[in-house]
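Asks:
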Amino acid sequence: MADISWDHHFDSLAFGCTSRNGAAAGLYFANAMIARADASGRLPLDRRAQLFTALQRYYPSLAVMNNVVEVSGSAKHGNIIGGNVDLIDYSAPGAPTGDAVGYAVTLAHANGGIATVNHPFGVKQSGLSSLSTQDSGRRSIAGKYLANKLYGGADGLEVGYHERGGASLETLLKLGDTLSRNGLFTTYLGVSDNHVGTIGSWSRDASYNTFRTGTWEATTDEAGFLAAIRAGRVYCGEILLYTGHIWIEVDGNPMGSISVGSSSSRVLTVSATGLTSNSVVEVVTGPVDYSGSVDPGTAVVHTFAAPDLASGQASVLIDTSASCFVRINLYDRTLPGRDKTLQGRRYAFSNPIWLLRVSPPNGIPAARQAPDTA
71 MADISWDHHF
81 DSLAFGCTSR
91 NGAAAGLYFA
101 NAMIARADAS
111 GRLPLDRRAQ
121 LFTALQRYYP
131 SLAVMNNVVE
141 VSGSAKHGNI
151 IGGNVDLIDY
161 SAPGAPTGDA
171 VGYAVTLAHA
181 NGGIATVNHP
191 FGVKQSGLSS
201 LSTQDSGRRS
211 IAGKYLANKL
221 YGGADGLEVG
231 YHERGGASLE
241 TLLKLGDTLS
251 RNGLFTTYLG
261 VSDNHVGTIG
271 SWSRDASYNT
281 FRTGTWEATT
291 DEAGFLAAIR
301 AGRVYCGEIL
311 LYTGHIWIEV
321 DGNPMGSISV
331 GSSSSRVLTV
341 SATGLTSNSV
351 VEVVTGPVDY
361 SGSVDPGTAV
371 VHTFAAPDLA
381 SGQASVLIDT
391 SASCFVRINL
401 YDRTLPGRDK
411 TLQGRRYAFS
421 NPIWLLRVSP
431 PNGIPAARQA
441 PDTA
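Residue numbers for the sequence shown follow the numbering used here, beginning at 71 and rising by one.
(1) Evaluate contact between the region 347 to 354 and the region 370 to 383, counting only Cβ atoms and requiring at least three cross-stretch pairs below 8 Å.
(2) Assuming residue 307 and residue 438 are in contact, meaning their beta carbons sit under 8 Å apart, how far apart are those beta carbons, in whole angstroms?
(3) On the premise that residue 405 lies in contact with residue 342, defined as a C-beta separation below 8 Å, what is that separation, rounded to the nearest angstrom?
(4) Report the residue ranges of all beta strand (DSSP E) runs contained in full by the region 101 to 187; include only those spanning at least 3 residues, in chain order.
(5) Using a Cβ-Cβ cutoff of less than 7 Å, which residues in the same chain neighbour residue 325 once the five nearest sequence positions on both sides are dropped?
(6) Determine the direct distance from the alpha carbon of residue 180 to that of residue 154, and round the result to whole angstroms.
(7) Given residue 363, which residues of its chain have a CB within under 8 Å of its CB, disregarding the five upstream and five downstream residues?
(8) Report the residue from 134, 140, 173, 82 whose alpha carbon sits nearest the alpha carbon of residue 104.
(9) Is it right to say residue 85 is buried, meaning 16 or more other beta carbons lie within 10 angstroms of its own, or is it exposed?
(10) How far does the alpha helix (DSSP H) with residue 205 in it reach, from first residue to last?
(11) Return the chain-ordered list of same chain residues with a C-beta closer than 8 Å to the C-beta of residue 254, the five sequence neighbours on each side being excluded.
(12) Are there 16 or more other CB atoms within 10 angstroms of the CB of residue 210, so buried, or fewer, so exposed?
(13) Terminal residues of the continuous alpha helix (DSSP H) containing residue 427?
(14) Taking Cβ positions, are residue 335 and residue 389 nearer each other than 7 Å?
(15) Starting from residue 418, trace the beta strand (DSSP E) both ways and give me its first and last residue.
(16) Closest by CA to residue 410, which one among 230, 198, 213?
(17) Within a Cβ cutoff of 8 Å, which residues of the same chain sit near residue 131, ignoring the five residues on either side of it in sequence?
(18) Tell me the DSSP bridge mates of residue 324?
(19) Based on the DSSP output, what are the partners of residue 399 in its beta bridges?
(20) Under 7 Å between the Cβ atoms of residue 27 and residue 158?
(21) With 16 other CB atoms within 10 Å as the buried threshold, where does residue 402 fall?
(22) Take the Cβ of residue 164 as the centre, count every other Cβ of all protein chains shown within 10 Å, and call the residue buried at 16 or more, exposed below.
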């Protein structure tokens, strides 16, 4: 086994002393030095790779990606996932000084990776804003994203928060759905990081910001993971509460895909395991009209109760007489919720499928082209 004695999971430093028999004591520390010789470029990632390799002995079934870097300028953060990337040199020409997400997207795509937009409402975690404040903030952020095409094509948007930046899960889903309405085809993601990093810290998150991102991929290597994110074969659910899996398809076209056809109705098939006994599966649809609207225009058009999926799946007709998208939420009215305007809470969701009458103005991304669409 590789030597990892140099790794101490170091995240804080304290000095102290104990006196004998309770006597008063004076203590003076002359100095302390932390060496940062390995704190730039590729070296920290190489160190992390060594650690992962050593720990693989204990977790042989766990595949871990090393090439993940967060780009942080202000409260706007983005992730670079995969490809060839070093830690960001913030003193380099062109490095971010304010909104860092556009820089992350450019850098990720130039180096074979993907980029995500993190916590779009900011980093605040001290309670939900009023619904009117959430709505005005959401519309402002949506307008910005529509104008810059989600930073020129970010591959994913963090949606899975019950409370972040004053915004609820419902507000974040509305933001994602607004992008879907306007033909910005990005993948809805769960929380990308945990700043505590200790055993059990996910389950102790007071804001329930514990949405894991589940992917459907052909391989467990980096290429398979990146392909799943690019294609939208992704669902999100709360860690510990939801241990199941979600899959949706329309006429055989997979979750995340863009299908073009002339049928006035199409069959949505929903697969969801591990539902709580009081769950309702909400089928959500919204228009795709490229209108520039900063609202999603969505509606719940059908619900399944948990017993409806006892056989593993259920189907419903979707009205496709106009271009639309469709996705699902898992909702339990008996669970305590963060949003006091709701009874219960939504604890998992899928990504959309887009069902269009004609091809989108800017074409279909190759990773999202449905099998039935030439």
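Ideal Cβ positions, reconstructed from N, Cα and C, are used throughout, including at glycine.
Replies: Let's see:
(1) Here the region 347 to 354 lies against the region 370 to 383, with 3 or more beta-carbon pairs under 8 Å apart.
(2) Taking the sequence shown and counting its residues from 1, the one referred to as residue 307 is at position 237. Taking the sequence shown and counting its residues from 1, the one referred to as residue 438 is at position 368. Cβ atoms of residue 307 and residue 438 stay farther apart than 8 Å, at about 22 Å.
(3) By 1-based counting over the sequence shown, the position of residue 342 is 272. By 1-based counting over the sequence shown, the position of residue 405 is 335. Separation of the CB atoms of residue 342 and residue 405 is rounded to 16 Å, and the pair is thereby denied contact status at 8 Å.
(4) Listed in chain order, they are 138 to 142, 147 to 151, 184 to 187.
(5) Counted from its first residue, the sequence shown places residue 325 at position 255. Apart from sequence neighbours up to five positions away, the residues of its chain that approach residue 325 with a beta-carbon distance below 7 Å are 302, 303, 317, 318, 319, 420, 421, 423, ordered along the chain.
(6) Here residue 154 is taken as the residue at index 84 of the sequence shown, counted from 1. Here residue 180 is taken as the residue at index 110 of the sequence shown, counted from 1. Distance from the CA atom of residue 154 to the CA atom of residue 180, rounded to whole angstroms, is 9 Å.
(7) Residue mapping note: residue 363 aligns to position 293 of the sequence shown, counting from 1. Within the same chain, residue 363 has close Cβ partners 248, 251, 252.
(8) Taking the first residue of the sequence shown as position 1, residue 104 is located at position 34. Taking the Cα of residue 104 as reference, the smallest distance to any Cα among 134, 140, 173, 82 is reached at 82.
(9) Locating residue 85 in the sequence shown gives position 15, counting from the first residue. By the neighbour-count definition (other C-beta atoms within 10 Å, threshold 16), residue 85 is an exposed residue.
(10) Against the sequence shown, residue 205 aligns to sequence position 135. Secondary structure note for residue 205: its alpha helix (DSSP H) is the uninterrupted segment 201 to 217.
(11) Within the sequence shown, the letter at position 184 stands for residue 254. Excluding sequence positions up to five before and after residue 254, its CB lies within less than 8 Å of the CB of 215, 216, 219, 220, all in the same chain and listed in chain order.
(12) The count along the sequence shown starts at 1 and reaches residue 210 at position 140. Burial check for residue 210: the Cβ neighbour count within 10 Å stays below 16, so the residue is exposed.
(13) Here residue 427 refers to the residue found at position 357 when the sequence shown is read from its first residue. Residue 427: not part of any alpha helix (DSSP H); DSSP gives it neither H nor E.
(14) Here residue 335 refers to the residue found at position 265 when the sequence shown is read from its first residue. Here residue 389 refers to the residue found at position 319 when the sequence shown is read from its first residue. Yes, the Cβ-Cβ distance between residue 335 and residue 389 is below 7 Å.
(15) Counting from 1 along the sequence shown, the entry for residue 418 is found at position 348. Per DSSP, the continuous beta strand (DSSP E) segment holding residue 418 begins and ends at 415 to 420.
(16) For the purposes of this step, residue 410 is taken as the residue at position 340 of the sequence shown. Nearest C-alpha to residue 410: 198.
(17) Along the sequence shown, read from residue 1 onward, the residue named residue 131 stands at position 61. For residue 131, where only same-chain residues beyond five positions count, there are no Cβ hits under 8 Å.
(18) Residue 324 sits at position 254 when you count from the first residue of the sequence shown. In DSSP, residue 324 forms a bridge with 319.
(19) The sequence position of residue 399 within the sequence shown is 329, counting from 1. Bridge partners of residue 399: 352, 419.
(20) There is no way to answer for residue 27, as the model of the chain reaches only from 71 to 444.
(21) Taking the sequence shown and counting its residues from 1, one reaches residue 402 at position 332. Buried, by the Cβ-count rule.
(22) Within the sequence shown, residue 164 is the residue found at index 94, counting from 1. Residue 164 should be labelled exposed.
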